[in-house]
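Right, one structure below, let's go through it.
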Amino acid sequence: MKFLEFQGEVEEVIAQACKAAGYKDAAVEVSLPPNDSYGDLSSAVPIRLAKESGKKPGDMAVAIASKAMELAKKSRYVGGVSPHRGGYLNFTLNRSRFIADSISEISSGDLGATKGKGKLVAVEHTNVNPNKALHIGHARNLVLGDSLVRVMRYLGHQVQALNYVDDSGAQVADIIVGFKFLGLPDEGPAGVKYDVYCGDSVYAKVNQEYVKNPALKEKQSYVLKEIEKGSGEIAEYTRGIVRKILEAQLATCWRMGAAYDLLNWESQLVHSKMWDGIFESLKKMGYVRYQDSGENKGCWVIPDPESGEEKVVVRSDGTVVYVAKDIPYAAWKVGLIPDPFGYEVFSRDQPGGVLYSTALAGGKSHVHFGGVELAVSVIDTRQSYLQRIVAKVLDRLHEGSSRRYLHRSYEVVALSKKTATALGFQIEGEFAHMSGRKGLYVNADTMLDRLKEKAVEETKKRNPSDPDHWVADVAEAVAVAALRYELLKQDPDKMIVFDMEDALQFQGDTGPYLLYTYARARRILDKTEGKPRIDPETAAKLTRPEEVRLAKKMSMLDMSAMTAGEFLSPKEIARFSHELAVSFNDFYERVPVNKEADADLRDARLSLVDASSRVLAESMRLMGVPVRDRI
RNA sequence: GGGCCCGUAGCCCAGCACGGAUAGGGCGUCAGCCUCCGAAGCUGAAGUGCGAAAGCUCAGAGACCGUGGGUUCGAAUCCCACCGGGCCCGCCA
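For the first sequence, this note's numbering assigns the number 4 to the initial residue and increments by one for each residue that follows.
Right, dumping it as structure tokens:
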């Protein structure tokens, strides 16, 4: 997009100007000035050069600026250069040319997305144990991961969205114990989603029973062994239950706008024997050791020379621990071992494309997964330690491969005291961590339903004569927008203390604000006579600061996305969207379009409205926030 | 005991990766704005100057950026220590 081109030109001008002034290898750097009265782009290079040469920063800026002004004449977008007495070099845009070019580029459908040329990338996210419904903590994972997938694709990468299904762990076993040994019905009540039933009623109840009746725990390990065996009545039965729960979970994921390319089943990973080969290599290189004495007697362990501690990878009964499942999975992702899987279609109903599933026997291999250049795992911060172990092992298997295996960690979602109390729990501090076992959580669907309820109310108020199905569609979009934006906009390193009442907010820095802003923009296009039209002459009429700011902001989407991709931080897009929406509303309040008498100016403004709203829609799409023409 | 993360107005957050020009938003509070394109929005908050007035002009609420040191011409940003909060360090996943 054009602002990046402008920035490139500015950097070139600075480099050349420094050279001309006798400073050959000056490091070029530019930044957005704190206030646009300084200019459109600034550089502190003279300050640095002054420091090195012992001159005054202001004088240095003047010296560099005099060279830069000449050079700037050859560029397309640099309109002016001025020195600042503090030592800054301030660059201004050739505004009419910049605006005209920006608008035509965007109007032609070029929203800054990179075409092809990217890397093969895997993004793993969601990864919810198939024994319960998604709560808002899982939703944070999904929103982060799915947005990352979208941003990476925008940046031209070829992305595989992976969802790991732990179908052979203790949590699934608990459900089966409930059905097989506590006599709980394996059909939930009518009208209750199956994942909700299993999580709310079965899982919670089984865990209560474990406390009262410790003998029941033995049933759990029996079930676990049966599942691991992979055949027999219990294993077959479990497969059916897991599939049913998973389908219910996927309905929620799809509702939130996430789509996946592949489901990786843990049971298949185990049966693929990928671990065996890796285990052998690790043994050969002496990285894993057998302990014949001490507290880990009979186990295979990975020693950590730094801490002096050791991590068990194979238990004394010969079964593998969780990291030993994550290691082959990671190795498969970055292509350190041959792909043992075939692939089959799991669902064609997924909005956003066919969903595949790993398959050991009978799977076709016309599609390929794994073996990527960059693997990103969206996993909460509590697993950082284990992820570091996985990375270390990858480096042992192939030096440097951990650089291609990135853990995007994020903090958990907790519940505010108010919300926890409303759910019937007594809380000590200001917030409470969610707990599936205790039944202390807010389901993603529950939250979406609450949001939707409120959105129906608000939408009806504004559109009393529209049909119910239309209202419902809009309200659903508003609900998803509100939840996704809320979970995305905050820094992943910060714990979210979720409060039900606060989250029902539709004003201010929220998803619905973006939807509203977009709808306002489309309204102008509907209501105004004339057509969006821009050319160098009419662009010269767009001189109001609100117009210039809006045009500048909209041409920075690609820059935001690049930052988001580089730091695996989609919240960049949230910030950008909000700023763009604020710029638009500022323009909306002060600059008339419909009522503008000058037809050229009106059409130019129309084209600005059209272009900026397209960019807004694109940035919303990158966050998975739905867009509607009218709300 | 070892490690990771957080600490910015009454509340919630941005800015920190790459040190730089007046530390940005949002909620809440108070006061305004729908016979100008959608009020899910926007404007204003002691006041100053001009004017009969509409209005214009300049200014503008709330923050010792957890504390104390250090590096630097310059620190919210980098380094160290401390304080407060959360998390991890299992033959659970």
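Using N, Cα and C, we set each Cβ at its ideal position, and we do this for glycine too.
Every unbroken alpha helix (DSSP H) within the region 570-596, with a cutoff of 4 residues, ordered by chain: 574-593
Mind checking who Pro49 pairs with in its DSSP beta bridge? Locating residue 49 in the first sequence gives position 46, counting from the first residue. DSSP, once it has assigned bridges, lists no residue as partnering Pro49.
Distance between beta carbons of Val551 and Arg98, contact taken as under 8 angstroms: For this step, residue 98 is matched to residue 95 along the first sequence. For this step, residue 551 is matched to residue 548 along the first sequence. That belief holds up - the Cβ atoms of Arg98 and Val551 are roughly 6 angstroms apart, short of 8 angstroms.
For Val370, the three-state DSSP class (helix, strand or coil): For the purposes of this step, residue 370 is taken as residue 367 along the first sequence, with counting starting at 1. If DSSP states are grouped into helix, strand and coil, Val370 belongs with coil.
Looking at the strands, I want to know which residues DSSP matches up with Ser171. Counting from one through the first sequence, the residue named residue 171 turns up at place 168. Paired residue(s): none; Ser171 is not in a bridge.
Counting C-beta neighbours from all protein chains within 10 Å, is the total for Val337 16 or more, i.e. buried, or is it exposed? The sequence position of residue 337 within the first sequence is 334, counting from 1. When all chains shown are included, Val337 counts as buried.
Beta-ladder partner(s) of Asn267, from DSSP: For the purposes of this step, residue 267 is taken as residue 264 along the first sequence, with counting starting at 1. Paired residue(s): Tyr167.
Option nearest Val415 by Cα separation, candidates Gly427, Ile430, Val381, Asn93: For this step, residue 415 is matched to residue 412 along the first sequence. Nearest of Gly427, Ile430, Val381, Asn93 to Val415, Cα basis: Val381.
Do Lys534 and Arg606 count as a contact pair if the criterion is CB distance below 8 angstroms? Counted from its first residue, the first sequence places residue 606 at position 603. Counted from its first residue, the first sequence places residue 534 at position 531. Per the sequence shown, the amino acid found at residue 606 is Asp instead of Arg. Closer than 8 angstroms, so yes.
Using DSSP with H/G/I as helix, E/B as strand and the rest coil, what is Asn446? The sequence position of residue 446 within the first sequence is 443, counting from 1. Reduced to three states, the DSSP call for Asn446 is strand.
Taking 7 angstroms as the limit between beta carbons, can you name the residues of its chain near His138, skipping five residues before and five after? As a working mapping, residue 138 is identified with position 135 in the first sequence. The answer, listed in chain order, is Met437, Tyr444, Val445, Asn446, Ala447.
Could you spell out the range, first to last residue, of the beta strand (DSSP E) harbouring Lys658? Residue 658 falls outside the range modelled here, since the chain spans only 4 to 634, and no answer is possible.
Alpha carbons only, please: which of Asp352, Lys492, Leu451, Lys544 is nearest the one belonging to His581? The residue labelled residue 581 in the question sits at position 578 within the first sequence. Ranking the options by Cα distance to His581, first place goes to Lys492.
Check whether the region 513-528 and the region 595-615 are in contact - that is, three or more C-beta pairs closer than 8 angstroms. yes
Using three-state DSSP, classify Ser419 as helix, strand or coil. Within the first sequence, numbered from 1, the residue matching residue 419 stands at position 416. Reduced to three states, the DSSP call for Ser419 is strand.
Measure from the alpha carbon of Gly112 to the alpha carbon of each residue in Val323, Gly627, Ala620, then state which is nearest. Within the first sequence, residue 112 is the residue found at index 109, counting from 1. For the residues Val323, Gly627, Ala620, the minimum Cα distance to Gly112 belongs to Ala620.
Could you compute how far the alpha carbon of Val370 sits from the alpha carbon of Tyr346? Mapped onto the first sequence, residue 370 falls at position 367. Mapped onto the first sequence, residue 346 falls at position 343. Val370 and Tyr346: Cα-Cα distance of roughly 7 angstroms.
Which residues mark the beginning and the end of the beta strand (DSSP E) in which Glu347 is found? The residue you call residue 347 lines up with position 344 of the first sequence. Segment 345-350, the beta strand (DSSP E) holding Glu347.
State the DSSP-derived secondary structure class of His87, mapped to helix, strand or coil. As a working note, residue 87 is residue 84 in the first sequence. Looking at His87 - three-state DSSP - the assignment turns out to be coil, as it is neither helix nor strand.
Note down, one range per segment and in chain order, each beta strand (DSSP E) of at least 3 residues found wholly within the region 130-195. 161-168
Looking at the strands, I want to know which residues DSSP matches up with Val337. Here residue 337 corresponds to residue number 334 of the first sequence, with the count starting at 1. Val337 pairs with nothing; no bridge assigned.
So Gly90 packs on Val126, CB below 8 angstroms; how close in whole Å? Here residue 90 refers to the residue found at position 87 of the first sequence. Here residue 126 refers to the residue found at position 123 of the first sequence. Actually they do not touch by this definition, with Cβ atoms about 43 angstroms apart.
Taking one C-beta from the region 622-632 and one from the region 475-489 each time, how about it: are there three or more such pairs within less than 8 angstroms? yes
Look up Val323 in the DSSP assignment and say whether it is helix, strand or coil. On the first sequence, position 320 is the one that residue 323 refers to. Correct three-state label for Val323: strand.
Spatial distance of Gly642 from Phe570 (CA atoms): Residue coverage of the chain in this structure runs from 4 to 634, which leaves residue 642 outside it and unanswerable.
Using the beta-carbon count (16 or more within 10 Å), is Ser310 buried or exposed? Taking the first sequence and counting its residues from 1, one reaches residue 310 at position 307. Classification for Ser310: exposed.
Trp473, buried or exposed, once every other Cβ within 10 Å from all chains shown has been counted against 16: Numbered from its first residue, the first sequence carries residue 473 at position 470. Counting Cβ neighbours within 10 Å, Trp473 comes out exposed, since fewer than 16 surround it.
Where Pro595 and Val618 are concerned, what is the direct C-alpha to C-alpha distance, given to the nearest angstrom? Here the question's residue 595 lines up with position 592 in the first sequence. Here the question's residue 618 lines up with position 615 in the first sequence. Their backbone Cα atoms lie some 21 angstroms apart in a straight line.
Please say whether Asp177 and Gly442 have beta carbons closer to each other than 8 angstroms? Start at 1 with the first residue of the first sequence, and residue 442 comes out as number 439. Start at 1 with the first residue of the first sequence, and residue 177 comes out as number 174. Their beta carbons are not under 8 angstroms apart, which means Gly442 does not touch Asp177 by this criterion.
When Ile430, Ser412, Leu409 are compared against Ser419, the one with the closest alpha-carbon: Position 416 of the first sequence holds residue 419. That would be Ile430, whose Cα lies nearest to the Cα of Ser419.
For the beta strand (DSSP E) containing Arg411, list its first residue and its last residue. As a working note, residue 411 is residue 408 in the first sequence. Arg411 -> beta strand (DSSP E) spans 408-413.
When the Cα atoms are used, what is the spatial distance from Asp39 to Lys555? Here residue 39 corresponds to residue number 36 of the first sequence, with the count starting at 1. Here residue 555 corresponds to residue number 552 of the first sequence, with the count starting at 1. Roughly 11 angstroms between the two C-alpha positions.
Whole-number beta carbon distance between Val396 and Ile330, since they are thought to touch under 8 angstroms: The residue given as residue 330 occupies position 327 in the first sequence. The residue given as residue 396 occupies position 393 in the first sequence. About 5 angstroms separates the two Cβ atoms, so the contact holds.
When DSSP builds the beta bridges, which residues end up paired with Glu236? Sequence index remark: in the first sequence, residue 236 carries index 233 (1-based). For Glu236, which the question treats as bridged, DSSP gives no partner whatsoever.
Of the residues Ile281, Ser234, Lys120, Asp320, which one's Cα is nearest the Cα of Pro341? The count along the first sequence starts at 1 and reaches residue 341 at position 338. Of the listed residues, the one whose Cα sits closest to Pro341 is Ile281.
Using DSSP's beta-bridge definition, name the partner residues of Arg292. Looking up residue 292 in the first sequence gives position 289. DSSP lists Val304 as partners of Arg292.
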